[in-house]
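With this note's numbering, the residue at position 737 of the sequence shown is 759, and numbering never jumps.
We put the CB at the ideal spot given by N, CA and C, even for glycine.
One structure below.
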Amino acid sequence: MVPFSAAALFVTLRVLLLSVSTSPVEAVPMTSSVTTHSKVASTSSPYWVANIQRQGTVAFGDASYKVFRNVQEYGATGDGTTDDTAAINSAITDGNRCGLGCDSSTVTPAIVYFPPGTYLVSAPIIQSYYSQFIGDAVTIPTIKASASFTGIAVIDSDPYTKGANWYTNQNNFYRQVRNFVIDITSMPATTGACIHWQVAQATSLQNIVFEMVQGGTNNKQEGIFMDNGSGGFYSDLVFNGGNYGMFVGNQQFTTRNLTFNNCNTAVYMNWNWVWNLKSITVNNCGVGVNMSNTPTNQTVGSVLVQDSKFVGTPKGIITAFSTTGNTPTTGNTLVIDNCDFTGSTDAIVSYTGETILAGGSVVSSWAQGHAYTTGDDGSASAATCASAAASASSTTIQGPLTAATKPAILMDDSNIFERSKPQYESIASSSFVSVKSAGAKGDGVSDDTAALQSAMNSLKSDQILYFDHGAYVVTSTVKVPSNIKMTGEIWPLIMASGTAFANQASPAPVFQVGQPGDTGAVEMSDLIFETKGPAPGAVMVEWNVAESSQGASGMWDVHMRIGGSAGTSLQSNTCAKNPNVTANYNANCEGAFLLLHVTTKATIYLENNWFWVADHELDLADHNQINIYNGRGILVESQGPVWMYGTSSEHSQLYNFEFANAQNVYAGVIQSETPYMQSNPTALNGGFTPSDTYFDPDFSSCNGDAGCEKAWGLRIFASSDILVYGAGLYSFFDNYDQTCLATESCQVNMVSIECSTAIYLWALSTKASTNMVTVDGTGVVNESDNMSNFCQTIALFEEA
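See below:
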């Protein structure tokens, strides 16, 4: 995420957003004038969320705080005629939650559950920080805007008050909305939006239908209005009608399985750095994707459209890119991969109306922007490849490409495989086994290791392990069986602590998922892993299990947060930044050894995972920037398949993403940031010694250059068949100083490809790294040749 206190960058972004936003910004009423009613519709539902025993408590806040709230218990009727606005907002805000005037808080989480029904609202439902809105997944509820509705959107994630937002958009974390129909058809066609989704990491929308007025030249309705933000993910959405299905702008975003029916324009891309539209179906819309905003000074960095279909839609994609005189140089980069345009007259058309690519066919591979291929065949051995000569030829393209060979193991028919987060709609609440009922305390103090292990070992095959909200301290490795399903109540905390995780010379897993060689099905969702104090020997999750069937094992909405929040003892009162002194590191502010290790024989499906080493404080009042020293981000050694949708890894010392001796990996938009304190200290002086066992980079080619000895955003070593569809890898500081942004030189290198073949990086965006890509130690893609609207962007880098 872009740091909230980075003044120069924030100003740049704000100017950009003010210059490109064309959707109306309205003041939102903080409260509704309607009164709460006592009439309640039937709440009967077999959905386990409605019926499970609630034992969740906040470990580092008010123990009496109510984590779960049913809107009907606060007076919402769901009868379709009574105004439920005030009752719903009361359910959301109960308990002195983090709203207007609160930047962030992890100690007031809330699940707001909507039973079946139709909930009439006349003003926005305002989603407080750290909230999950969950509609009944068996009988989906409807939230319906009244004809007199006033406000920016039915659901508002970041309200405007006198032109300012409640929350800093780049830090608007930890939110979900799922299982709803949102209906604005009673409103005049000239106004209305279903969701104002101005968010950052650890956020998601899932299983939502957006009902809008269909047709009409004066139709101004929008399904999703997103004016800014710093990342996110959503899937399984249907947009019916409206002027725009989605009017969106955000730094980097992953979206998949979206259906647009009878929209004037399915997707209006207002601005971005990189956005992946995976598996979209556009039916009978005027335009599929319009990415041509401000064509003479383009605000859209790059868009990927993958495994998608356009039906009855005359114009598939509108773009402003030109092969000569493009401004900025690589703005409006576009990648098309396996898209069916048989239902479009024009697959791709310029903003002035000229046909760039005719419709009527399936396009296997097409791109516009800068493309690079290497002269290094990648055949050098691991021992010699660092000295092998490497070069890359570049071309400005706007046309077809030879399609990359996609490993069959990653595919589902002709598309890259994908799987939605399990919600267990057909599972009875009696099948969920509470870890608190099994003896775990979750109080952030007691050692819950034995209780968690016992609960896992005694779980029957038809049961699901349920982590009530709380903080579960783990002091030795928990061995997760190779066949288990587990989920949490709004991100309960699993906290590594103690001597077992204190020695980086002998690292140990906190959760060890399966044993090497195991095959099975492990599902994990809605959990957070942390450390309680320094844990420099902790591998937060070691993933050993291989899938028993395609996509059977994975993590959905599972995040890691190292420091920066209540209970971690790694906060601003201990780990404040220190840019004005020369410092190696503070041993009291060490994080973990490694966040996620996917081992050689393992397979994994990852979706919407944020592995964050905190750069600032979330709970203490100062919200200041902090120095946390974490060894490594994500290490994948798997031979595949590995799928990574919307995966972010930020602020680790040596690297954020590494694929070592890996193959058969798909990654749909990965995102990273270099630690803000580097190069004070450098990666080599940040408390973690490179280890050959873990294939760590040693930065020997840097020859002592501090600007070179910084964390790799992405390192690929001795690997093959790595397909990255979108990457945003950023460096914003040198020792908290942003002077380097003026020259785009906050560090020397960002992506390293070593001893590897069949590597494809589509829509790669880096920020302020002199070399965007190095191959076997040689810089082959220079940032100065690839300036986009904010980042530096290329359409393709291919290591054959």
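Residue i, buried or exposed, once every other Cβ within 10 Å from all chains shown has been counted against 16
| i | result |
| --- | --- |
| Lys242 | buried |
| Asn193 | buried |
| Glu376 | exposed |
| Lys184 | exposed |
| Ser64 | For Ser64, the predicted model reports a pLDDT of 46, less than 50, meaning its position is unreliable; a value from the coordinates is still stated below. Exposed: under 16 other Cβ atoms inside 10 Å. |
| Pro422 | exposed |
| Gly338 | buried |
| Asn610 | exposed |
| Leu122 | exposed |
| Ser54 | Reliability fails at Ser54, whose pLDDT of 31 lies under 50, so the model's placement of it is uncertain and no value is given. |
| Pro558 | buried |
| Asn319 | exposed |
| Pro538 | exposed |
| Asp368 | buried |
| Asn595 | exposed |
| Asp540 | buried |
| Asn315 | buried |
DSSP beta-bridge partners of residue i
| i | result |
| --- | --- |
| Cys361 | Ser330, Val385 |
| Arg654 | Leu616, Tyr677 |
| Thr815 | Ser787 |
| Val581 | Just to set this straight, residue 581 is His in the shown sequence, not Val. The partner list for His581 (beta bridge, DSSP) reads Ile550. |
| Phe506 | According to the sequence as given, residue 506 is Ile; it is not Phe. DSSP lists Val544 as partners of Ile506. |
| Thr303 | Thr281, Lys331 |
| Ile512 | Partner(s): none; Ile512 has no beta bridge. |
| Lys337 | Val309, Asp368 |
| Met268 | Ile246, Val289 |
| Leu356 | Val325, Gln390 |
| Arg76 | Looking at the DSSP assignment, Arg76 forms no beta bridge with any residue, so it has no partner. |
| Glu695 | Glu672, Tyr752 |
| Leu628 | Met577, Met666 |
| Gly690 | Tyr667, Tyr747 |
| Arg200 | Ile156, Gln228 |
| Asn824 | Examination of residue 824 is not possible in this model, given that the chain is present from 23 through 822 alone. |
Cβ-Cβ separation, residue j to residue i (assumed contact under 8 Å), whole Å
| i | j | result |
| --- | --- | --- |
| Glu545 | Lys507 | 4 Å |
| Ser519 | Thr499 | That pair is no contact at about 13 Å. |
| Pro131 | Trp513 | 7 Å |
| Glu731 | Leu706 | 5 Å |
| Gly251 | Ser787 | Between Ser787 and Gly251 the Cβ distance is about 16 Å, and since that is not below 8 Å, they are no contact. |
| Thr190 | Tyr152 | The Cβ separation is near 14 Å, so there is no contact. |
Reduced DSSP category for residue i - H, G, I as helix; E, B as strand; rest coil
| i | result |
| --- | --- |
| Phe195 | coil |
| Thr669 | strand |
| Val50 | Confidence at Val50 is low in this model, with a pLDDT of 33, below 50, so the placement of that residue should be treated as unreliable; the coordinate-derived value is given next. It is coil, neither helix nor strand. |
| Cys762 | helix |
| Ala740 | coil |
| Ser753 | coil |
| Thr417 | strand |
| Ser324 | strand |
| Asn804 | strand |
| Asn229 | strand |
| Tyr96 | helix |
| Ile431 | helix |
| Trp70 | helix |
| Phe523 | helix |
| Ser810 | coil |
| Ile486 | strand |
| Thr107 | helix |
| Met517 | strand |
| Gln572 | coil |
| Thr493 | In the sequence on display, residue 493 carries Ala and not Thr. DSSP places Ala493 in strand when its eight states are reduced to three. |
| Asn294 | strand |
| Asn118 | coil |
| Ser448 | coil |
| Thr471 | helix |
The ligand GTP heavy atom lying under 7 Å from the CB of residue i
| i | result |
| --- | --- |
| Asn241 | This structure simply doesn't include the ligand GTP, nor any ligand for that matter. |
task = Would you check if the segment 301-314 and the segment 332-346 touch, i.e. whether three or more CB-CB distances between them fall below 8 Å?
result = The segment 332-346, when compared against the segment 301-314, does touch it at the 8 Å Cβ threshold.
ask   = Looking at C-beta atoms only, is the number of pairs between the segment 656-675 and the segment 641-648 that lie closer than 8 Å three or more?
value = The segment 656-675 vs the segment 641-648: no contact.
ask   = How do the segment 467-485 and the segment 436-445 stand: do at least 3 beta-carbon pairs fall below 8 Å, yes or no?
value = The segment 467-485 is not in contact with the segment 436-445.
request  = Determine, using beta-carbon pairs with one atom in the segment 693-704 and one in the segment 740-753, whether at least three such pairs fall under 8 Å.
outcome  = Yes: at least three Cβ pairs fall under 8 Å.
ask   = Should the segment 800-817 be regarded as contacting the segment 348-365, the criterion being three or more beta carbon pairs within less than 8 Å?
value = As far as the Cβ criterion goes, the segment 800-817 touches the segment 348-365, which means the pair count is three or higher.
key: Sufficient close CB pairs (3 or more, under 8 Å) joining the segment 67-84 to the segment 484-496   = Because the criterion of three Cβ pairs below 8 Å is met, the segment 67-84 and the segment 484-496 touch.
inquiry  = Assess contact between the segment 582-602 and the segment 447-458, defined as three or more Cβ pairs (one per stretch) separated by less than 8 Å. Is contact present?
reply    = Flag = no, the segment 582-602 and the segment 447-458 do not touch.
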